[in-house]
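In this note's numbering, the protein residues as written are 14 to 178. Where a beta carbon is used, it is the ideal one built from N, C-alpha and C, also for glycine.
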């Protein structure tokens, strides 16, 4: 996942997905990264989506992935609007964990967050489905973008490219 902050390339984050533990959740994220899931022949996914209208909270997480509305309220998955929590086997034990953002139990869609610290208070509420294996500096750059009201970044933080390696 290649990210720009403003017009400046911030770097790439490579993630490992826990497809052996949460296969449906991992597959949803993977297909939204590759754009292989299509609606009316149009690829659906994260390319071009921002962290800007979602949230960046230092010492907590960076949330993004709303490519539907772009304001943190959109929901979409390869399984329909929302899909159930698969399990909570993996915990929010430290920085760099990839987890589903949701609006309550069984409301997973396209939005995700990456932890920037231990967040054990999220255990049992948000499905952890992967981790950053390379590019923690890029995550720290996103985390350190100045924010305004509701933790919205003042600069556009955009996913300019994503896929599968």
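Mark residue i as exposed unless 16 or more other C-beta atoms lie within 10 angstroms of its C-beta, in which case mark it buried.
{"i": "residue 84", "result": "exposed"}
{"i": "residue 111", "result": "buried"}
{"i": "residue 115", "result": "buried"}
{"i": "residue 94", "result": "exposed"}
{"i": "residue 52", "result": "exposed"}
{"i": "residue 97", "result": "exposed"}
Give me, in chain order, the residues of the same chain whose beta-carbon lies closer than 6 Å to that of residue i; leave out the 5 immediate sequence neighbours on both sides.
{"i": "residue 89", "result": "81, 122 and 123"}
{"i": "residue 57", "result": "50"}
At which residues does the beta strand (DSSP E) containing residue i begin and terminate?
{"i": "residue 165", "result": "It is not in any beta strand (DSSP E) - residue 165 carries neither H nor E in the DSSP assignment."}
{"i": "residue 72", "result": "Unbroken run through residue 72: none, as it is neither H nor E."}
{"i": "residue 128", "result": "125-128"}
Please report the residue range of the alpha helix (DSSP H) in which residue i lies.
{"i": "residue 156", "result": "149-156"}
{"i": "residue 63", "result": "Note, residue 63: premise wrong, no alpha helix (DSSP H); not H, not E."}
Cβ atoms of residue j and residue i: under 8 Å apart, would you say?
{"i": "residue 176", "j": "residue 25", "result": "no"}
{"i": "residue 72", "j": "residue 129", "result": "yes"}
{"i": "residue 167", "j": "residue 161", "result": "yes"}
Within the same chain, show all residues whose beta-carbon is closer than 8 Å to that of residue i, passing over the 5 residues directly before and after it, in chain order.
{"i": "residue 173", "result": "15, 16, 17, 22, 60 and 61"}
{"i": "residue 40", "result": "32 and 91"}
{"i": "residue 36", "result": "99"}
{"i": "residue 143", "result": "28, 29, 30, 31, 39, 42, 110 and 111"}
Enumerate in chain order the residues of its own chain whose CB-to-CB distance from residue i is below 7 Å, with the five nearest sequence positions on each side excluded.
{"i": "residue 146", "result": "27, 28 and 29"}
{"i": "residue 113", "result": "38, 121, 125, 139, 140 and 142"}
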